Amino acid sequence: MPLEKGLVHVYTGNGKGKTSAALGLCMRALGRGLRCCFIQFIKGVVTGEMITASKLSDFCFIQTGRPGYDFKVIEEDYRRAEEGIKIAEEKIKEFDVLVLDEVNVAVHLKLIPVERVVKLIKGKPEHVELILTGRYARREIVELADYVTELKLIKHPYYRGINGREGVDF
Numbered sequence: 103m104p105l106e107k108g109l110v111h112v113y114t115g116n117g118k119g120k121t122s123a124a125l126g127l128c129m130r131a132l133g134r135g136l137r138c139c140f141i142q143f144i145k146g147v148v149t150g151e152m153i154t155a156s157k158l159s160d161f162c163f164i165q166t167g168r169p170g171y172d173f174k175v176i177e178e179d180y181r182r183a184e185e186g187i188k189i190a191e192e193k194i195k196e197f198d199v200l201v202l203d204e205v206n207v208a209v210h211l212k213l214i215p216v217e218r219v220v221k222l223i224k225g226k227p228e229h230v231e232l233i234l235t236g237r238y239a240r241r242e243i244v245e246l247a248d249y250v251t252e253l254k255l256i257k258h259p260y261y262r263g264i265n266g267r268e269g270v271d272f
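Each step along the sequence shown adds one to the number in the numbering used here, with nothing skipped, and position 137 is 239.
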């Protein structure tokens, strides 16, 4: 049964856990019979959550990022971001929960105009819960959100030379 009133969440900041928070919300929603779609911008590697999502019914997981993305924007990144936002514009009509993972970064890098995301937020169906993640959330997006959570980096093992670990970090 869909939600009566869907709200808008923004998970931003330089701390770890934005994607994980969005995935946690999806797990909770799936457990209550809601249908979820998780669209991942920027990222283009196979992750544990992607593997798990493929085993769950009512959970759509789509990655539009370029494999090997290195924060050096190339033409392919614009094309992939456009593909991702077009998919979002369709999936928002079909699902109860829609996550746009790293969409704030895509906007920050000018891969997607902020106006396009604002239009998606303003035009979302009443029952849809919409989650936008990524650093650099724009003021225009924050102002439209019902929940805004800023994750702050205090300490991270990366700065001690420990890279992301399979099964824990991806």
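Positions of the beta carbon are idealized from the N, C-alpha and C atoms, including for glycine.
Given the structure is predicted, the values throughout are model-derived calculations rather than measurements.
Query raised in the report: Thinking C-beta only, is residue 269 closer than 8 Å to residue 115?
Result: Between residue 115 and residue 269, the CB-CB gap reaches or exceeds 8 Å.
Query raised in the report: With contact counted as at least three CB pairs below 8 Å, one residue from each stretch, are the segment 176 to 192 and the segment 210 to 219 in contact?
Result: With a cut-off of 8 Å on Cβ pairs, the segment 176 to 192 is in contact with the segment 210 to 219, counting three or more such pairs.
Query raised in the report: Which one or two residues does DSSP pair with residue 252 in a beta bridge?
Result: For residue 252, which the question treats as bridged, DSSP gives the partners 114.
Query - Complete beta strand (DSSP E) runs within the segment 188 to 224 (minimum length 3 residues, chain order) - result: Here the runs fully enclosed are 199 to 203.
Query raised in the report: If you follow the alpha helix (DSSP H) that residue 151 is part of, which residue opens it and which one closes it?
Result: Start and end: 150 to 155.
Query raised in the report: According to DSSP, what are the bridge partners of residue 234?
Result: Note: residue 234 sits in a beta bridge opposite 112 and 202.
Query raised in the report: Grouping DSSP H, G and I as helix and E and B as strand, with all else coil, what is residue 176?
Result: DSSP places residue 176 in coil when its eight states are reduced to three.
Query raised in the report: So which of 139, 230, 245 and 214 has the shortest CA-CA distance to residue 104?
Result: If we check each option's Cα against that of residue 104, 230 comes out closest.
Query - Spatial distance of residue 267 from residue 225 (CA atoms) - result: Rounded to the nearest angstrom, the two C-alpha atoms are 38 Å apart.
**Report entry** Rounded separation between residue 174 and residue 155 - CA only
**Finding:** Cα to Cα, the separation comes out at about 29 Å.
Report task. Can you tell me the Cβ-Cβ gap for residue 186 and residue 141, rounded? I've got them flagged as a contact below 8 Å. Result -> The pair is a contact, with the Cβ atoms about 6 Å apart (cut-off 8 Å).
Requested in this report: Please report the residue range of the beta strand (DSSP E) in which residue 141 lies.
Outcome: Looking at the DSSP string, the run of the beta strand (DSSP E) that includes residue 141 is 138 to 142.
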